[in-house]
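One structure is given below, encoded as structure tokens.
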Amino acid sequence: MSNAGLQVGDLSQFQKHLNQVQSTVEETSIWNSNPVFKYLNTIYLTIDEKRRSLDLVNPGTIENINKEVTRDVFPSLYQFTGLKAEINKTFSMSPVFQTSHSFSSGSEHLPKYAFSCAYINDKLFAQSNVDNSLSVNGRINYSWTPSTISKLTLQMSGRADQPNMYQLEHDYQGLDNSLNLKVLNPTLSDNNVFLGVGVASILQSVTKNLALGVESVYSKSDPSQPADSGMSYYTKYTGTDKSWIFTGQLQSSGAMSATLFRKLSANVELGLESALKMSIQPVNHPVTGEPIGHLPVLEGLTTLGCKYEYRSSSFRGTLGTDGKVNVFAERKILPTLGVLFSGEIDQFKGESNVGFGIQFETAGSHEIMMAQQGLDPNGNPLQ
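If you use my numbering, the sequence shown corresponds to residues 444 to 826, in order.
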């Protein structure tokens with residue numbers, strides 16, 4: 444390729460010459476010059492073009508496949524027993540920096556005191572918690588790109604009978620799929636054998652409404668023992684108007700579960716979960732007590748839940764075939780003061796648990812205080 448006609452001061456001719464060189468390099472790249480790679484690249488581009496023409500959507504992650512039922516409608520994550528008080532303070536909104544003090548009494552699961560703080564910006568989410576037993580929990584999420592997130596979770600216990608835990612995780616959100624990789628307590632033995640738990644999952648949209656997924660789990664805790672592994676399968680079907688969602692799961696252990704979410708109105712949601720679990724129960728001789736065989740046992744549980752959410756209050760409740768009734772209610776008395784009520788009744792066992800709590804929201808600046816009350820810095824209602 445000759446450049447005899449190229450003048451030193453002619454920038455347009457120089458750019459044209461540079462484009463010709465780049466075009467020549469691209470045409471002789473390994474993806475075009477190698478017959479095998481060229482064939483694979485053609486197949487990939489054809490499949491990618493076909494996928495884009497289907498106008499598929501991202502189906503979410505397997506971890507959150509049934510969150511509309513188990514996390515949004517059901518009160519399980521919000522329930523507590525005894526007395527609880529929380530004091531939350533927001534110091535800034537961009538980036539977000541918050542602290543929280545939590546006090547509890549009469550609960551077997553909540554610590555008597557816990558302090559937590561959170562820092563959030565466009566790329567980083569960092570949260571930590573420490574309680575009166577010096578147990579420390581931490582979580583860090585970093586967004587490399589809008590579709591790629593790395594996560595680190597730490598749990599350091601202040602008690603000798605509770606082991607420490609750390610988890611590494613990576614999420615990729617594609618146009619029509621999601622991929623998740625995670626390892627729990629990964630280590631290498633003296634023989635360079637991986638110890639810990641590894642999980643890989645993918646959820647792929649097949650149509651605009653249907654998504655299919657699979658999850659593989661590998662676990663090994665003792666170098667001298669064989670590893671455990673299993674495959675689980677998932678499906679998710681979303682209504683065209685997204686007012687209802689059905690999910691199904693088949694676990695590697697043989698357990699099966701299905702959920703159905705239905706949005707009745709802007710304020711009312713319903714959720715239904717049904718689970719079947721099969722186990723093997725040993726059978727002993729009635730006289731000698733020696734094992735003589737095994738008996739398959741099938742256990743099932745169905746739970747129906749509802750959620751009512753309004754401007755200053757919300758209610759969640761469930762009723763299960765195991766005889767348990769659970770409720771959780773939250774009411775905002777003031778923009779900065781809320782009350783909580785949690786209750787559980789086991790009708791078959793005749794047991795009940797009740798919890799009552801209050802929440803205080805304070806501000807680190809005048810602007811934040813006005814925003815908590817629904818006003819702008821000048822005292823006008825926010826639009």
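All residues carry an ideal CB built from backbone N, CA and C; glycine is no exception.
- Rounded to the nearest angstrom, the Cβ distance from F523 to S550 is 6 Å, consistent with a contact under 8 Å.
- Less than 8 Å separates the beta-carbon of Y751 from that of V711.
- Listed in chain order, the non-local C-beta contacts of S686 below 6 Å within the same chain comprise K706, local neighbours out to five positions each way being set aside.
- DSSP places E733 in the coil class of the three-state scheme, outside both helix and strand.
- Put simply, of K651, V657, V636 the residue whose alpha carbon is nearest the alpha carbon of S664 is V636.
- In this model, G763 and F791 are separated by some 11 Å (Cα to Cα).
- In the structure shown, V657 adopts extended strand secondary structure according to DSSP, grouped into three states.
- P725: member of the beta strand (DSSP E) spanning 711–727, first to last residue.
- For the stretch 531–594, the continuous beta strand (DSSP E) assignments of 3+ residues that do not extend past its boundaries occur at 539–548, 556–563, 567–574, 579–588, in sequence order.
- Beta-bridge annotation (DSSP): F791 is not paired with any residue.
- In this structure, the beta-carbon distance from Y676 to V657 falls below 8 Å.
- In this chain, D498 is not harboured by any alpha helix (DSSP H), its DSSP state being neither H nor E.
- Collapsing the DSSP output to three states places I486 in a helix.
- Under the three-state reduction of DSSP output, P478 falls in the helix class.
- For T746 against T761, the beta-carbon gap comes to about 5 Å, under 8 Å, which counts as contact.
- Remark: C-beta atoms of S621 and L646 approach each other more closely than 8 Å.
- When secondary structure is reduced to three states using DSSP, T702 falls in the strand class.
- A direct Cα-Cα distance of roughly 19 Å separates Y661 from K594.
- T690 sits away from N564, with the two beta carbons spaced by 8 Å or more.
- DSSP places K510 within a helical segment (H, G or I) once states are collapsed to three.
- The closest CA to that of T588, considering only Q605, S571, L567, N607, is found on L567.
- Taking 8 Å as the cut-off, the beta carbon of S547 is found no closer than this to the beta carbon of K532.
- Boundaries of the beta strand (DSSP E) harbouring Q616: 608–616, taken from the DSSP string.
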